[in-house]
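There are 2 protein chains.
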Amino acid sequence: MTVTETETTAEGGADSCAGPRQGNRRPDGADKYTISEVVALTGLTAHTLRWYERIGLMPHIDRSHTGQRRYSNRDLDWLDLVGKLRLTGMPVADMVRYAELVRSGDDTYTERFELLRQTREDVLTRIAELQGTLAVLDRKLGFYADAGRALASERTG
Amino acid sequence: MTVTETETTAEGGADSCAGPRQGNRRPDGADKYTISEVVALTGLTAHTLRWYERIGLMPHIDRSHTGQRRYSNRDLDWLDLVGKLRLTGMPVADMVRYAELVRSGDDTYTERFELLRQTREDVLTRIAELQGTLAVLDRKLGFYADAGRALASERTG
DNA sequence: CGCTTGCTTGGAGCGCACTCAAGGGTTTTA
DNA sequence: TAAAACCCTTGAGTGCGCTCCAAGCAAGCG
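Each protein sequence line maps, in turn, to chains B and C.
Numbered per the working numbering, the first sequence spans residues 11 to 167.
Numbered per the working numbering, the second sequence spans residues 11 to 167.
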């Protein structure tokens with residue numbers, strides 16, 4: 011029987027805020043990370059990292075002599091970008107498209123530019139939407155606060 | 011044979027921006043809308059409206075003598091709120107929870123308040139995240155713009 | 001040597017939020 | 001009266017983004 015893969019929480023704690031942890035990276039000549047190290051650094055699961063590779067969202071990752079993945083600082087940079095794009099709500103398929111453009115070289119600059127520009131637009135729209143909802147929430151919260159005060163004064167008065 | 015349900019685009023055009031269209035509402039005594047009118051007003055599909063009802067996200071909707079739904083202005087207000095909450099990324103299950111609280115009356119104020127307050131927090135976090143990604147996008151877009159200029163001057167110089 | 005730990009693969013499964021199908025009823029128009 | 005245009009219900013299907021499983025290989029340790 012084999013031990014099934016254990017997916018421990020990133021950084022061994024209740025840290026759910028998965029930001030770019032560039033602090034504990036190795037210098038650029040010695041940048042070889044196992045998949046579990048990348049799990050710790052990015053907050054993604056090993057499953058997700060392998061899946062990203064399968065669907066073409068990652069460049070070809072270096073392998074050790076036994077076939078294990080060895081990620082580089084460059085790969086971590088890419089994963090940081092992917093994380094950012096994911097936060098924008100960009101579909102994974104679009105990210106794959108962007109990755110393909112990057113792989114196919116320098117004559118895809120304009121298309122990449124356009125993709126990022128469009129994403130930027132979407133983000134601005136999204137922020138505006140969220141600020142709209144914030145206004146509604148604040149209005150409702152004000153109402154509940156008032157109701158709470160009314161209830162309180164009902165008891166005291 | 012029966013005609014299968016046709017889901018025409020809201021407002022009969024390419025309008026994908028589904029905002030609150032409070033303009034074409036009827037006054038509060040004559041507020042009886044068929045499901046297709048609500049489709050036009052909200053941008054949701056009839057399927058989704060019925061599904062919202064099934065899962066308990068809607069209050070009991072009035073029916074005509076033949077069993078067809080007749081939405082009121084109040085229902086439209088609720089749908090507007092649901093739309094806002096959906097934009098925040100709140101899971102449907104949480105919205106259902108909120109709907110249950112509203113239905114179960116006045117002694118759930120504090121819990122509702124807490125739910126909305128938490129949502130507000132989440133929205134603020136989300137906006138901050140998006141502004142972070144915006145910074146990254148702008149940096150990358152600057153890079154691509156520079157690359158474009160370099161390519162152009164390569165040709166002209 | 002056996003045991004544990006960590007990694008590999010392909011493919012199946014899951015949760016969410018819809019989305020659609022099948023089969024039928026009612027109302028309006030021709 | 002017939003066809004078209006609405007609407008109804010239950011239950012199954014879809015697409016996305018993971019998430020997990022089963023089986024197995026390689027390295028380190030007592």
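Glycine is no exception: its CB is placed at the ideal position from the N, C-alpha and C atoms.
Predicted, not measured: the structure shown is a model, and the values here were computed from it.
Do Arg79/C and Leu59/C have their C-beta atoms closer together than 9 Å?
Here the question's residue 79/C lines up with position 69 in the second sequence. Here the question's residue 59/C lines up with position 49 in the second sequence. The answer is yes: Cβ separation under 9 Å.
Along chain B, which residues have their Cβ under 9 Å away from the Cβ of Gly146/C?
Counting from 1 along the second sequence, the entry for residue 146/C is found at position 136. A small correction: the amino acid at residue 146/C is Val; Gly does not occupy that position in the sequence shown. Going along chain B in sequence order, the residues near Val146/C (Cβ under 9 Å) are Asp90, Leu91, Lys94, Leu95.
Roughly how many angstroms separate the alpha carbons of Arg35/C and Leu134/B, rounded to a whole number?
If you number the second sequence from 1, residue 35/C lands on position 25. If you number the first sequence from 1, residue 134/B lands on position 124. A straight-line Cα-Cα distance of about 30 Å links Arg35/C and Leu134/B.
Taking 8 Å as the cut-off, does the segment 80-98 of chain B touch the segment 121-133 of chain B (at least 3 CB pairs, one atom from each stretch)?
Counting C-beta pairs with one atom in each stretch, the segment 121-133 of chain B and the segment 80-98 of chain B have three or more that are closer than 8 Å, which means they touch.
Take the Cβ of Thr143/C as the centre, count every other Cβ of all protein chains shown within 10 Å, and call the residue buried at 16 or more, exposed below.
Taking the second sequence and counting its residues from 1, the one referred to as residue 143/C is at position 133. With 16 or more neighbouring CB atoms inside 10 Å of its own CB, Thr143/C falls in the buried class.
First through last residue of the alpha helix (DSSP H) which encompasses Ile45/B
The residue you call residue 45/B lines up with position 35 of the first sequence. Element bounds for Ile45/B: 45-52.
Relative to chain B, which residues along the segment 33-63 of chain C have a C-beta separation below 7 Å, given in chain order?
So the list is empty, because no residue satisfies the distance condition.
Which residue wins for smallest C-alpha separation from Gly39/B, given the options His57/B, Ser74/B, Val49/B, Arg84/B?
What you label residue 39/B is simply residue 29 of the first sequence in a count that begins at 1. For Gly39/B, the closest of His57/B, Ser74/B, Val49/B, Arg84/B by C-alpha to C-alpha distance is Arg84/B.
Mind checking if Leu67/B is an interface residue toward chain C, Cβ cutoff 9 Å exclusive?
For the purposes of this step, residue 67/B is identified with residue 57 of the first sequence, where counting begins at 1. With 9 Å as the cut-off, Leu67/B does not count as an interface residue toward chain C.
Where does the unbroken alpha helix (DSSP H) through Ala109/C begin, and where does it stop?
The residue labelled residue 109/C in the question sits at position 99 within the second sequence. That run of the alpha helix (DSSP H) goes 102-113.
Which word fits Tyr43/B, buried or exposed, when buried means at least 16 other C-beta atoms lie within 10 angstroms of its C-beta?
One-based indexing of the first sequence puts residue 43/B at position 33. Buried is the label assigned to Tyr43/B, since at least 16 other Cβ atoms lie within 10 Å of its Cβ.
What is the DSSP secondary structure of Leu161/B, reduced to helix, strand or coil?
Numbered from 1 along the first sequence, position 151 holds the residue referred to as residue 161/B. In the structure shown, Leu161/B adopts helical secondary structure according to DSSP, grouped into three states.
Where the alpha helix (DSSP H) through Asn60/B begins and ends:
Counting from 1 along the first sequence, the entry for residue 60/B is found at position 50. The sequence given here places Arg at residue 60/B; Asn does not occur at that position. From DSSP, the alpha helix (DSSP H) with Arg60/B extends over 56-64.
Run through the DSSP bridge pairs and tell me what Asp72/B is partnered with.
For this step, residue 72/B is matched to residue 62 along the first sequence. Looking at the DSSP assignment, Asp72/B forms a beta bridge with Arg80/B.
Classify Leu161/B: buried if its beta carbon has 16 or more other beta carbons within 10 angstroms, exposed otherwise.
Taking the first residue of the first sequence as position 1, residue 161/B is located at position 151. Under this definition Leu161/B is an exposed residue.
Flag this pair as yes or no: are the beta carbons of Val48/C and Leu89/C separated by less than 9 Å?
Position 38 of the second sequence, counted from the start, is the residue given in the question as residue 48/C. Position 79 of the second sequence, counted from the start, is the residue given in the question as residue 89/C. Going by C-beta atoms, Val48/C is nearer than 9 Å to Leu89/C.
Straight-line Cα distance separating Asp41/B from Ser46/C
As a working mapping, residue 46/C is identified with position 36 in the second sequence. As a working mapping, residue 41/B is identified with position 31 in the first sequence. Answer to the nearest angstrom: the Cα atoms are 59 Å apart.
So, is the C-beta of Val133/B closer than 9 Å to a C-beta in chain C?
Counting from one through the first sequence, the residue named residue 133/B turns up at place 123. Yes, its Cβ sits closer than 9 Å to a Cβ of chain C.
Rounding to the nearest angstrom, what Cα-Cα distance links Gly66/B and Asp156/B in this structure?
By one-based count along the first sequence, residue 66/B stands at place 56. By one-based count along the first sequence, residue 156/B stands at place 146. Approximately 53 Å between the Cα atoms of the pair.
Decide if Val146/C is buried, meaning its Cβ has at least 16 other Cβ atoms within 10 Å, or exposed.
In the second sequence, counting from the first residue as 1, residue 146/C sits at position 136. So Val146/C counts as buried.
Taking Lys150/C as the reference, which of Tyr119/B, Tyr154/B, Gly152/B, Arg149/B has the closest Cα?
Along the second sequence, read from residue 1 onward, the residue named residue 150/C stands at position 140. Ranking Tyr119/B, Tyr154/B, Gly152/B, Arg149/B by Cα distance to Lys150/C puts Tyr119/B first.
Do you know offhand how far His70/C's Cα is from Glu63/C's?
Against the second sequence, residue 70/C aligns to sequence position 60. Against the second sequence, residue 63/C aligns to sequence position 53. Roughly 8 Å between the two C-alpha positions.
DSSP-derived helix/strand/coil call for Leu86/C:
Position 76 of the second sequence, counted from the first residue, corresponds to residue 86/C. DSSP places Leu86/C in helix when its eight states are reduced to three.
Within its chain, find whatever has a CB closer than 6 Å to the CB of Leu86/B; leave out the 5 residues flanking it on each side and keep chain order.
Here residue 86/B refers to the residue found at position 76 when the first sequence is read from its first residue. Nothing meets the Cβ criterion.
Does the CB of Ala162/B have a neighbour CB from chain C at under 9 Å?
Working through the first sequence from its first residue, we reach residue 162/B at position 152. Using a Cβ-Cβ cut-off of 9 Å, Ala162/B does not count as an interface residue toward chain C, since no Cβ of chain C sits closer than that to its own.
Asp38/B, DSSP secondary structure in three states
The count along the first sequence starts at 1 and reaches residue 38/B at position 28. Reduced to three states, the DSSP call for Asp38/B is coil.
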